[in-house]
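Participant: The following block contains the structure, expressed as structure tokens.
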Amino acid sequence: MKKKFSRRSFVKKTIAALVGLELGYLAFDILRLKSTENRTENLFNIGHFNQFEKGKLYPFSSKKFYLSVFEDGGMLAISLKCTHLGCMLQPDSQGFMCPCHASSFNKWGEVNSPPANRPLDIFPIVIKEGEVWVNTSNPISRKSFEPNQLTYS
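Given below as structure tokens:
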């Protein structure tokens with residue numbers, strides 16, 4: 006004897022399956038996020054904060070950022086990638102210059118001249134026991150420079 010499958014039961018089972026898949030995906034995503042937060046390999050130790058002079062720019066090309074130390078002691082880890090097409094930036098007297106398409110950025114990473122249309126990404130900085138650590142796994146996209154983006158010792 007064949008049991009008929011009604012449209013209503015099909016819709017209910019389909020919805021239940023989709024909800025189950027979504028919950029499974031969310032649980033997987035949360036577990037993956039927790040495991041990456043606990044890793045220290047994403048933190049790059051660049052040295053003791055006393056070794057960096059105010060008003061200077063320090064390149065860390067192996068980790069793809071510049072450390073900009075401002076006159077007030079604030080630090081900003083600025084990405085080397087141009088926000089236009091991802092070319093590697095070069096420092097200049099005013100800030101940064103893209104050699105590929107001539108975008109330029111000021112010392113805070115804000116756009117001075119296009120074709121780039123948004124500021125350079127930055128990386129979070131953490132200071133622990135005087136050591137400066139940069140989290141190179143999570144670039145922060147931003148719309149403009151704000152003073153709360155600076156890290157102080």
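Counted the way the numbering used here counts, the sequence shown spans residues 6 to 158. For every residue, glycine included, the Cβ atom is placed at its ideal position computed from N, Cα and C. Here the structure is a predicted model, which is why all the values come from computation and not from measurement.
Is residue 10 a contact residue of the ligand PLP, with contact defined as CB to any heavy atom under 7 Å?
Facilitator: For the structure depicted, the ligand PLP is absent and the ligand set is empty, with no information on it obtainable.
Participant: So, residue 155 versus residue 60, is the Cβ gap smaller than 8 Å?
Facilitator: No, these two residues do not count as a Cβ contact at 8 Å.
Participant: Between residue 41 and the rest of its own chain, which residues show a CB-CB distance below 6 Å, the 5 nearest in sequence each way excluded?
Facilitator: At residue 41 the pLDDT is 49, less than 50, meaning the model places this residue with poor confidence; the figure from the coordinates comes in the next sentence. Cβ neighbours of residue 41 beyond the five flanking positions: none.
Participant: Have a look at 150, 29, 10 and 128 and flag the residue whose alpha-carbon is nearest the alpha-carbon of residue 47.
Facilitator: When only C-alpha atoms are compared, the closest one is 128.
Participant: Can you find the residues in the same chain that come closer than 6 Å, C-beta to C-beta, to residue 43, ignoring five residues on each side of it along the sequence?
Facilitator: Low per-residue confidence applies at residue 43: pLDDT is 44, beneath 50, and the placement is therefore not dependable, though the value from the model is reported in the following sentence. Answer for residue 43: no residue qualifies.
Participant: For residue 124, count neighbouring C-beta atoms within 10 Å of its own C-beta (all shown protein chains included) and say buried if the count is 16 or more, exposed if not.
Facilitator: Burial call: buried.
Participant: Does the count of Cβ pairs from the segment 61-75 and the segment 13-29 closer than 8 Å reach three?
Facilitator: Contact fails: fewer than three Cβ-Cβ distances are below 8 Å.
Participant: What are the boundary residues of the beta strand (DSSP E) that residue 77 is part of?
Facilitator: Careful: residue 77 lies outside any beta strand (DSSP E) and carries neither H nor E.
Participant: List the DSSP bridge partners of residue 118.
Facilitator: DSSP output for residue 118 lists 109 as bridge partner(s).
Participant: Mapping the DSSP letters down to three states, classify residue 15 as helix, strand or coil.
Facilitator: Residue state, collapsed to three classes: helix.
Participant: Go ahead and pull the three-state DSSP assignment for residue 153.
Facilitator: Correct three-state label for residue 153: helix.
Participant: In whole angstroms, what separates the C-alpha of residue 108 from that of residue 14?
Facilitator: Distance between the alpha carbons of residue 108 and residue 14: 59 Å.
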